[in-house]
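Peer 1: One structure is given below, represented as C-alpha cells, and several questions about it will come after.
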Amino acid sequence: MASKDPSNTSNQTPKKAATPRKRKVADQQEEQLQQNDPSQLPVGKSKAATSRKRQPKVVQEPQIQLSDAVQQDPETVQQPQNIEEEDSWSLLSDFDIHLFREGRHFSLYKKLGSHIRSWQGQQGVVFAVWAPNAQQVSLIGNFNGWDRQSHQMYPRMDGSGIWELFVPGLGHGEVYKYFIRSNNGYEVEKADPFAFSTEVPPQTASVVWDLDFKWTDDSYKSERLNKAGTIQPMSVYEMHLGSWRRVWEEDNRSLTYREMAKQLVDYLKETGFTHVEFMPVMEHPFGGSWGYQVTGFYAPTSRFGAPQDFMYLVNELHRAGIGVILDWVPSHYPGDLHGLFYFDGTHLFEHADPRKGYHPDWNSYIFNYGRNEVKAFLISSALFWLDKYHADGIRVDAVASMLYLDYSRKQGEWIPNDFGGNENLEAIQFLKEMNEAIYGMFPDAISIAEESTAWPAVSKPTYAGGLGFGQKWMMGWMHDTLQYFSREPQYRTYHQNEITFSLNYAFSENFMLPLSHDEVVYGKGAIIQKMPGDEWQKFANLRLLYAYMWSHPGTKLLFMGSEFGQTSEWNHDGSLEWHLLQYGYHQGVLQMMGRLNAVYKSEPALYELAFEQDGFEWVDYNDYQNSVISYMRKDSKGNIVLVVCNFTPVVRENYGLGVPQKGTFTEIFNTDAQEWGGSGVINSQPIETSPIKSHGRDYSVSVTLPPLGVTYLKFQQDSGGTGAKKGGRPKKVKDQPSPFEMGAPSDPEASAES
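3 is the number of the first residue of the sequence shown in my numbering; add one for each residue after it.
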C-alpha cells in the first residue's frame, strides 16, 4: 500500500517526463540584464547554479488538509468553500485582492505560490505570482521541457498585477520556475517567492509541495497558550543546523532534520535549555551567509531534508517541552537572479534608488517597506512559520539596519525622510504592523529584536509608542561584560563599572542577554579564549561568566559550543569540537550548565520579574577593592535568592552582606563545586543571619566566597526554628591558599588537553 506521507515518493508511479531542454545559464541572464539596465546588475551575488539536465519527478496526489492555525486575522478569514463546485480555479477572491493592495493580507501563502487542488473533477496545481510590470509570465518545468511558450499564465483583470494558471495533471514534487518577460524586454527565470520547497542548492528551482503533517504537540501548544502573558524561564540555545554535528564517516555531511531530532532533543534535555533558536532555516543559495541572505521566505532549506522533516524536528522538540525560535531576516535579501531582486524587470520588492534599496555592508538589497504588497509578503512570511511550522517565536535580524536611513552610510549616501530625519518611517510602521499581527494572531508567541542601538521602546507595545517586540537583545551588556572578563583579575578593580553599568538601564526594555554566534567569529575567538589566566582560571572565569549571566535580569541566549568551552572559533563548514568532552574541565562546564539551568527554572526569583525593577535589588555594587558584587533577585511572593560574584581568584572568608530580614540562607548553587572542575570552596551548611546592621539593612550574613566564582543562596524567613546551625561553617578551611597563590588545582585529564 502506498505511503500517505507526501514526502515519501518511494512507492509512487513516475509521470512521463517532457523532453528537457537546455537551461540558460546565469551569464546569459546577466548579459541581458546589463543590456536592458546596466546600472541594475547586482554587484555581489551568490554563485549561480550551473545548468543541468532535469530528471522527471515521481508524483503523488497528497490529501488536502485545511490549516489548523491557532488563530487567524479576522480580516483574512474566509469561510471554507467546496472548491470542486467553484466556477473558477483561482484561489483569490476580490476581498483577497483588496487586502493585498492594502498590505493587510497576512495569509498570502494560502493564495499565492503553487497549491494542489482539484477543479471540475481534475486534479492539478494552481499557480499565482505577483509581477505587475510583466508583459508575459510563463510556467516552465520538467512537465513542458522548460518551454517558455506552452504554459503562459493569465493576468488578472483587476489590476492587481497577479498572474495565474491551473495545470491539470501536475502534483506534489513538480519542479518549476516562472519565465518573466518585462515590458522593456528584460527576460529572466525566477523561483516562486511563495514556494514551500526548493531544489537542493546550488540548484534554484521551486518545488510544488503539500505541507500536510500529523502534528502531535497539542499538549505543548495548550500549555504555551495557558501561560501566555506570564513570564516563564527562558534560556535559549542558539545553533546553526549545518554545523552542530556532522557525520565524519560520510564525507563530513551535516545531519538531516530527522537525524537531528533525537540527538538534539536528548542534548537539550541534558543541558536544560528551555528553547532552541535556529539560525535562518529559510532557503538561501550561499551557505557562507549562514542563512542570512534568504531567497525562499516560505521554504526551509532542502539541504537537510523535506519540509515535513523540519516539521518533525519541531514536533519532537515540542513533545520534549522545548520551545523553538526561528531567526528571520526581513532586513535585506541577495541579488541572485532567481530570487526577489529585479523580479519582473523592475525594482518590485526593493527601492529603485540604491541610497534606499541597496545595502553596502552586505552587498544585498533592502525591501521597500512602504509598498503595501511587500509588507503583506513579509508579514505573511513571519506568520507562516508560526502557523505551518508551529514555531514559538521569531528573532528579527539586523533591526537597526532597518530603522536608520543612514545606517552604515556616509553623508550623501542616504536620503532623509519627509521630516529631514534619519529614521526610516516606512520600516518603523512595518515593524509595528508585523508585531501587532504576530501578537494578534498568536498571543502566546514571541518576537525578539536584534537591535544594537539605543532606539527607545523597542519592546514596548505599539499602543504605548513602541515597536511592539516582546524582547530585545541587550547588546550593551554583552559588549561590557566580555570586555570586563577579558581583563586580568588584578586589573578588574579599576573597571567594575563595566560589570555593573547594565543595571542602570536593565529595565528600560524587556532584555535578552546574548552571547551569540557574532561573538565567536571573525577573529574574536571562542568564549573560553577570551578568558585570562591559566587553564584552571580560564574555566573558572567561564563558569563565573555563565552564573553571573543567569542571575542577571533578563532572558538568556548562548551559542552552541560555548556550553562546554569550545576552544576554536565557530566554523560553519565544520562541526563543534565534541571530542573535548573527554576532558575534565569541558565536561565540568557542560554538567554545570545543566545544573544552572535546573536552578534557574526552579527558582521564580531568578526569572519571574526579569523585566521589572522589583525583581532586583543591589546589596553592594561598590566593592571595587575586592572586585565583588552582590545583589538579590526576588519574585512576586517576596522569595529571595542572594547572588554574590567574586571576580578575583582569592578565597574570601566571612564576607559580610546586609540582608533585609531575619532568617537562613542556604546555598543552592556554586560555580566552584569540585564536580565541575572547581576547587570546592562552598557553603555546605545553612547560614543564619545576625542582627548586625550592614549595607543599610538591619541584618547581615557572613558567606565564604569561592575564587573566581559565584554563589546563589536562597533565603528562608525565620519561623522560630529552622534547624540551621548558627554560623554554619563553609567547607573551605580558613586561610587556605587560593588557586591564584598556589597555582591551578591538579587535574590529570586537563593536562592531556593542553
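Glycine is no exception: its CB is placed at the ideal position from the N, C-alpha and C atoms. Please read these numbers as outputs of a predicted model, since none were measured by experiment.
Across the region 437-445 and the region 520-531, are there enough close Cβ pairs to call them in contact, namely three or more that are closer than 8 Å?
Peer 2: No, the region 437-445 is not in contact with the region 520-531.
Peer 1: With DSSP as the reference, label W479 as helix, strand or coil.
Peer 2: Numbered from its first residue, the sequence shown carries residue 479 at position 477. W479: helix per DSSP, three-state reduction.
Peer 1: Between the region 273-289 and the region 233-240, do three or more beta carbon pairs fall short of 8 Å?
Peer 2: Yes, since at least three Cβ pairs between the region 273-289 and the region 233-240 fall closer than 8 Å, the two stretches touch.
Peer 1: Give a yes or no on contact between the region 628-637 and the region 666-674, applying the rule of three or more CB pairs nearer than 8 Å.
Peer 2: They do not touch, by the three-pair rule.
Peer 1: If you pair each beta-carbon of the region 389-397 with each one of the region 356-373, do three or more pairs fall below 8 Å?
Peer 2: Contact between the region 389-397 and the region 356-373 is absent, because fewer than three Cβ pairs lie under 8 Å.
Peer 1: For the region 117-142, which segments carrying the beta strand (DSSP E) assignment without a break, of at least 3 residues, lie completely within its bounds, in sequence order?
Peer 2: Listed in chain order, the complete beta strand (DSSP E) runs (minimum 3 residues) inside the region 117-142 are 124-132.
Peer 1: Can you check DSSP and say which residues form a bridge with S702?
Peer 2: As a first step, residue 702 is located in the sequence shown; it is residue number 700 there, counting from the start. The partner list for S702 (beta bridge, DSSP) reads G660 and S692.
Peer 1: Does the beta-carbon of M562 have 16 or more other beta-carbons within 10 angstroms, so that it is buried, or is it exposed?
Peer 2: By one-based count along the sequence shown, residue 562 stands at place 560. So M562 ends up on the buried side.
Peer 1: What's the C-alpha gap between D720 and K639?
Peer 2: The residue labelled residue 720 in the question sits at position 718 within the sequence shown. The residue labelled residue 639 in the question sits at position 637 within the sequence shown. Computed Cα separation, rounded: 16 Å.
Peer 1: Roughly how many angstroms separate the alpha carbons of L162 and A193, rounded to a whole number?
Peer 2: On the sequence shown, position 160 is the one that residue 162 refers to. On the sequence shown, position 191 is the one that residue 193 refers to. In the sequence as displayed, the identity of residue 162 is Ser instead of Leu. Taking the straight line from one Cα to the other gives about 20 Å.
Peer 1: Could you tell me whether the Cβ atoms of T780 and N628 are closer together than 8 Å?
Peer 2: No answer is possible for residue 780: the residues shown for the chain start at 3 and end at 756.
Peer 1: When the Cα of M476 is compared with those of N499, T557 and E677, which residue comes out closest?
Peer 2: If you number the sequence shown from 1, residue 476 lands on position 474. Measuring from the Cα of M476, the nearest candidate turns out to be T557.
Peer 1: Under a three-way DSSP split, which group does V398 fall into?
Peer 2: Numbered from 1 along the sequence shown, position 396 holds the residue referred to as residue 398. V398 falls in the strand class under three-state DSSP.
Peer 1: Suppose the cutoff is 7 Å on Cβ atoms and the five residues either side in sequence are ignored; what does the same chain contact list for R150 look like?
Peer 2: Here residue 150 refers to the residue found at position 148 when the sequence shown is read from its first residue. So the qualifying residues of the chain are S140, I142 and F181.
Peer 1: Give the straight-line distance between the Cα atoms of K216 and L114, rounded to the nearest whole angstrom.
Peer 2: Taking the first residue of the sequence shown as 1, we reach residue 216 at position 214. Taking the first residue of the sequence shown as 1, we reach residue 114 at position 112. Their backbone Cα atoms lie some 24 Å apart in a straight line.
Peer 1: Note the first and the last residue of the continuous alpha helix (DSSP H) segment covering G359.
Peer 2: Here residue 359 corresponds to residue number 357 of the sequence shown, with the count starting at 1. P356 to G359 is the span of the alpha helix (DSSP H), which, as asked, contains G359.
Peer 1: Taking 8 Å as the cut-off, decide whether the C-beta atoms of G274 and A600 are in contact.
Peer 2: In the sequence shown, counting from the first residue as 1, residue 274 sits at position 272. In the sequence shown, counting from the first residue as 1, residue 600 sits at position 598. Their beta carbons are under 8 Å apart, which means G274 touches A600 by this criterion.
Peer 1: Between the Cα of Q138 and those of S454, V522 and H153, spot the shortest distance and give me the residue it belongs to.
Peer 2: What you label residue 138 is simply residue 136 of the sequence shown in a count that begins at 1. The option with the nearest alpha carbon to Q138 is H153.
Peer 1: If we require 4 or more residues per run, which alpha helix (DSSP H) segments fall completely within the region 248-311?
Peer 2: Whole alpha helix (DSSP H) segments, 4+ residues: 259-273.
Peer 1: Against chain C, with Cβ distances strictly below 8 Å, would G395 count as a contact?
Peer 2: The structure shown has no chain C; it contains just one protein chain.
Peer 1: Evaluate M159 with the Cβ neighbour count: other Cβ atoms within 10 Å of its Cβ, from every protein chain shown; 16 or more gives buried, anything less gives exposed.
Peer 2: Locating residue 159 in the sequence shown gives position 157, counting from the first residue. Classification for M159: exposed.
Peer 1: Just the Cα atoms here: how many angstroms apart are K264 and I324?
Peer 2: Position 262 of the sequence shown, counted from the first residue, corresponds to residue 264. Position 322 of the sequence shown, counted from the first residue, corresponds to residue 324. The straight-line gap from Cα to Cα measures roughly 13 Å.
Peer 1: Whole-angstrom Cβ separation of G470 and N506, contact assumed at under 8 Å?
Peer 2: Counting from one through the sequence shown, the residue named residue 470 turns up at place 468. Counting from one through the sequence shown, the residue named residue 506 turns up at place 504. Going by Cβ atoms, the distance from G470 to N506 rounds to 25 Å, so no, they are not a contact pair.
Peer 1: To which residues does DSSP link M562 through a beta bridge?
Peer 2: For the purposes of this step, residue 562 is taken as the residue at position 560 of the sequence shown. Answer by DSSP bridge pairing: none, since M562 is not bridged.
Peer 1: Between the beta-carbon of H353 and the beta-carbon of N374, is there less than 8 Å?
Peer 2: If you number the sequence shown from 1, residue 353 lands on position 351. If you number the sequence shown from 1, residue 374 lands on position 372. No; because the gap between Cβ atoms is not below 8 Å, this pair is not in contact.
Peer 1: Who does M514 pair with in a DSSP beta bridge?
Peer 2: Taking the first residue of the sequence shown as position 1, residue 514 is located at position 512. DSSP, once it has assigned bridges, lists W475 and T557 as partnering M514.
Peer 1: With DSSP as the reference, identify every bridge partner of Y716, one or two as the case may be.
Peer 2: What you label residue 716 is simply residue 714 of the sequence shown in a count that begins at 1. Sequence inspection shows Lys at residue 716; the Tyr mentioned does not correspond to that position. DSSP output for K716 lists V643 and T668 as bridge partner(s).
Peer 1: Can you name, in chain order, every residue of its own chain whose Cβ lies under 6 Å from the Cβ of K377, other than the five neighbours on each side?
Peer 2: Counting from one through the sequence shown, the residue named residue 377 turns up at place 375. The residues are G105 and F432.
Peer 1: My assumption, with CB atoms under 8 Å, is that S449 sits in contact with G472. Please give the rounded CB distance.
Peer 2: For this step, residue 449 is matched to residue 447 along the sequence shown. For this step, residue 472 is matched to residue 470 along the sequence shown. With a Cβ gap of about 5 Å, S449 and G472 count as contacting.
Peer 1: How would you write the range of the beta strand (DSSP E) that G325 sits in, first residue to last?
Peer 2: The residue given as residue 325 occupies position 323 in the sequence shown. Looking at the DSSP string, the run of the beta strand (DSSP E) that includes G325 is G325 to W330.
Peer 1: Ordered along the chain, which non-local residues of its own chain (more than five positions away) have a Cβ less than 8 Å from that of N185?
Peer 2: Taking the sequence shown and counting its residues from 1, one reaches residue 185 at position 183. N135, A136, Q137 and G347, listed in sequence order.
Peer 1: Mapping DSSP to helix, strand and coil, what is D338?
Peer 2: On the sequence shown, position 336 is the one that residue 338 refers to. Looking at D338 - three-state DSSP - the assignment turns out to be coil, as it is neither helix nor strand.
Peer 1: State the Cα-Cα distance for the pair P709 and K695, rounded to the nearest angstrom.
Peer 2: Taking the first residue of the sequence shown as 1, we reach residue 709 at position 707. Taking the first residue of the sequence shown as 1, we reach residue 695 at position 693. Whole-angstrom Cα-Cα distance: 26 Å.
Peer 1: Can you tell me whether D329 is buried or exposed, with buried defined as 16 or more other CB within 10 angstroms of its CB?
Peer 2: Stepping through the sequence shown from its first residue, residue 329 is reached at position 327. Result: buried.
Peer 1: What does the alpha-carbon distance come out to for the pair V60 and Y178?
Peer 2: Numbered from 1 along the sequence shown, position 58 holds the residue referred to as residue 60. Numbered from 1 along the sequence shown, position 176 holds the residue referred to as residue 178. Because the pLDDT of V60 is 31, which lies under 50, any placement of that residue in the model is unreliable, and the number read from its coordinates should be weighed accordingly. Answer to the nearest angstrom: the Cα atoms are 14 Å apart.
Peer 1: What residue from T569, A197 and T455 has the CA that sits closest to M480's CA?
Peer 2: Counting from 1 along the sequence shown, the entry for residue 480 is found at position 478. Cα-wise, what sits closest to M480 is T455.
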